[in-house]
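Protein chains in written order, with the numbering used here: chain A, 2 to 224; chain B, 13 to 232.
The structure is reproduced here in structure tokens:
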């Protein structure tokens with residue numbers, strides 16, 4: 002493996018892991034609200050959260066580009082006040098991966114929360130526990146295998162993301178290129194052996210992530 | 013003990029819980045067939061269900077008063093609830109299950125010590141085991157001990173012996189009697205077994221389709 006390939010692999014893995022960590026608290030909060038509470042507008046939130054899963058990734062990417070670009074509401078704000086670019090930087094990659102993997106995290110985590118017997122949470126309350134304590138000591142530990150499985154699925158999704166990433170961050174070698182965009186670039190330029198080499202790395206990484214996710218899910222089912 | 017349940021109205025699937033009763037006995041059985049609304053009544057007293065209208069008062073503490081829009085949160089009610097399925101926390105050891113309510117009640121002085129309760133209920137040898145490794149009778153006693161260790165002002169027991177066979181029932185009943193006699197805690201004991209009710213309680217309220225249809229003193 003060449004130094005460039007190592008850099009590419011570590012950047013893709015690092016930015017995918019970071020995006021998973023960033024979406025985790027939001028994912029946990031929304032999944033818990035969806036699993037445990039009935040409220041007006043719940044269906045709307047469910048639909049919005051699932052949108053990136055069913056929309057063409059390039060369409061999601063285009064929306065993100067409009068929002069995060071220098072003239073967009075969020076991108077413009079950061080550029081104006083902090084002289085910070087988001088689009089076509091690693092930050093753009095990070096946000097694209099986060100948005101695209103978020104629905105998978107929420108779905109898996111929500112199922113995990115739903116499978117925790119609500120009676121356990123109620124009895125914890127009769128024992129004097131606050132809602133926060135019930136969550137941290139009962140709900141989350143019991144849902145943990147499903148939550149970790151969801152994180153690994155989100156990580157695996159981020160590893161393979163292409164459409165939104167190419168729209169928001171483009172392909173800039175050594176700066177925004179990920180395994181997927183590099184494979185596309187290499188194949189387009191006739192560098193087939195390089196593309197197949199990257200393909201192998203990509204398959205190995207994705208296999209590992211999905212296998213770990215399945216292992217955690219199996220543990221959850223066994224419990 | 014004085015538990016006032018006034019103007020209770022809680023719509024359920026097929027009927028409504030409709031109750032007006034004042035309970036003064038130390039141990040009262042709520043007797044009735046399955047689906048009569050007994051568990052819903054306990055849930056309501058524990059604050060786990062919000063009634064349409066209700067005044068729930070335990071001695072001088074008002075727990076629910078819908079007219080005054082008062083609903084004391086479950087965690088502040090100091091009610092020891094042992095549900096039918098026991099709801100032991102499967103990921104915690106017996107010790108951590110038992111001590112869960114201690115942390116929840118902050119710095120208030122506990123009514124009973126861990127040593128005393130584990131001694132009375134004979135669960136000392138189980139203390140470091142996982143609850144998933146306990147037998148039915150052992151789980152029953154751990155659930156009772158956990159409720160007691162949270163220093164409740166009343167015990168709500170929802171068919172605690174329903175899932176046990178006759179032999180185990182006869183073993184657990186004396187523990188319940190010891191709880192009644194040693195800890196002097198008022199208890200509401202939901203059952204559909206008249207013999208159990210008579211063995212433990214001095215009064216029975218008979219419930220049918222959400223209403224108390226009969227009230228009976230039980231003689232030993």
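Even glycine gets a Cβ: it sits at the ideal position worked out from N, Cα and C.
Contacts of residue i in chain B (Cβ-Cβ under 7 Å)
{"i": "residue 142 of chain A", "result": "103"}
Beta-carbon contacts of residue i that lie in its chain and below 7 Å, excluding the five residues immediately before and after
{"i": "residue 90 of chain B", "result": "163, 164 and 165"}
{"i": "residue 76 of chain A", "result": "68, 69, 70, 87 and 88"}
{"i": "residue 149 of chain B", "result": "176, 180, 183 and 184"}
{"i": "residue 18 of chain B", "result": "32 and 67"}
{"i": "residue 46 of chain B", "result": "204"}
{"i": "residue 97 of chain A", "result": "62, 65, 162, 165, 166, 169 and 170"}
{"i": "residue 79 of chain A", "result": "85 and 87"}
Buried/exposed call for residue i, threshold 16 Cβ in 10 Å
{"i": "residue 83 of chain A", "result": "exposed"}
{"i": "residue 55 of chain A", "result": "exposed"}
{"i": "residue 58 of chain A", "result": "buried"}
{"i": "residue 48 of chain A", "result": "exposed"}
{"i": "residue 179 of chain B", "result": "exposed"}
{"i": "residue 3 of chain A", "result": "exposed"}
{"i": "residue 8 of chain A", "result": "exposed"}
{"i": "residue 190 of chain A", "result": "exposed"}
{"i": "residue 74 of chain A", "result": "exposed"}
{"i": "residue 34 of chain B", "result": "exposed"}
{"i": "residue 208 of chain A", "result": "exposed"}
{"i": "residue 219 of chain A", "result": "exposed"}
{"i": "residue 186 of chain B", "result": "exposed"}
{"i": "residue 20 of chain A", "result": "buried"}
{"i": "residue 79 of chain B", "result": "exposed"}
{"i": "residue 30 of chain A", "result": "exposed"}
{"i": "residue 39 of chain A", "result": "exposed"}
{"i": "residue 24 of chain A", "result": "buried"}
Contacts around residue i, its chain only, beta-carbon distance under 8 Å, and the 5 residues preceding and following it disregarded
{"i": "residue 184 of chain A", "result": "196, 199, 200 and 203"}
{"i": "residue 124 of chain B", "result": "160, 161, 163 and 195"}
{"i": "residue 106 of chain B", "result": "135, 138, 139, 140, 141, 142, 143, 146 and 154"}
{"i": "residue 91 of chain A", "result": "12, 16, 170, 176 and 177"}
{"i": "residue 119 of chain A", "result": "37"}
{"i": "residue 10 of chain A", "result": "2, 180, 202 and 206"}
Contacts of residue i in chain A (Cβ-Cβ under 9 Å)
{"i": "residue 49 of chain B", "result": "Per Cβ cutoff of 9 Å: no residues; residue 49 of chain B is ~17 Å from chain A at best."}
{"i": "residue 135 of chain B", "result": "The premise fails here: residue 135 of chain B is roughly 17 Å from chain A at the closest Cβ pair, so nothing lies under 9 Å."}
Rounded distance between the beta-carbons of residue j and residue i, thought under 8 Å
{"i": "residue 154 of chain B", "j": "residue 190 of chain B", "result": "The pair is not a contact, with the Cβ atoms about 15 Å apart (cut-off 8 Å)."}
{"i": "residue 28 of chain A", "j": "residue 103 of chain A", "result": "6 Å"}
{"i": "residue 16 of chain A", "j": "residue 141 of chain A", "result": "So it is not a contact: roughly 26 Å between Cβ atoms."}
{"i": "residue 105 of chain A", "j": "residue 158 of chain A", "result": "5 Å"}
{"i": "residue 170 of chain B", "j": "residue 94 of chain B", "result": "7 Å"}
{"i": "residue 164 of chain A", "j": "residue 62 of chain A", "result": "6 Å"}
{"i": "residue 221 of chain B", "j": "residue 27 of chain B", "result": "5 Å"}
{"i": "residue 125 of chain A", "j": "residue 112 of chain B", "result": "7 Å"}
{"i": "residue 167 of chain B", "j": "residue 92 of chain B", "result": "5 Å"}
{"i": "residue 127 of chain A", "j": "residue 86 of chain B", "result": "6 Å"}
{"i": "residue 213 of chain B", "j": "residue 48 of chain B", "result": "Not really, about 17 Å apart at Cβ, beyond 8 Å."}
Cβ neighbours of residue i in the same chain (closer than 6 Å, five flanking residues each side left out)
{"i": "residue 214 of chain A", "result": "150, 153 and 154"}
{"i": "residue 122 of chain B", "result": "163"}
{"i": "residue 50 of chain B", "result": "42, 44, 202 and 219"}
{"i": "residue 143 of chain A", "result": "117"}
{"i": "residue 210 of chain B", "result": "230"}
{"i": "residue 205 of chain B", "result": "none"}
{"i": "residue 223 of chain B", "result": "30"}
{"i": "residue 148 of chain A", "result": "110 and 113"}
Chain A contact residues for residue i, given Cβ-Cβ distances below 7 Å
{"i": "residue 248 of chain B", "result": "Here chain B comprises residues numbered 13 to 232, so residue 248 of chain B is not present and cannot be evaluated."}
{"i": "residue 71 of chain B", "result": "Chain A residues near residue 71 of chain B: none, gap ~18 Å exceeds 7 Å."}
{"i": "residue 87 of chain B", "result": "126, 129, 130 and 131"}
{"i": "residue 148 of chain B", "result": "Those within 7 Å of residue 148 of chain B in chain A number zero; the least Cβ separation is about 17 Å."}
{"i": "residue 162 of chain B", "result": "128 and 129"}
Cross-chain neighbours of residue i in chain A, by beta carbon under 8 Å
{"i": "residue 91 of chain B", "result": "127"}
{"i": "residue 112 of chain B", "result": "125, 128, 130 and 138"}
Chain B residues whose Cβ lies nearer than 8 Å to that of residue i
{"i": "residue 120 of chain A", "result": "95, 97 and 99"}
(request) Compile a chain-ordered list of the residues in the stretch 133-162 of chain A whose CB is closer than 8 Å to at least one CB of chain B. (result) 134, 138, 139, 142 and 143
(message) By the 9 Å beta-carbon criterion, what residues does the stretch 93-116 of chain A contribute toward chain B?
(response) none
(request) Taking only beta carbons into account, state which residues of the stretch 167-182 of chain B come closer than 8 Å to chain A, listed in chain order. (result) none
(request) With 7 Å as the C-beta to C-beta threshold (strictly closer), list the residues of the stretch 60-87 of chain A near chain B in chain order. (result) none
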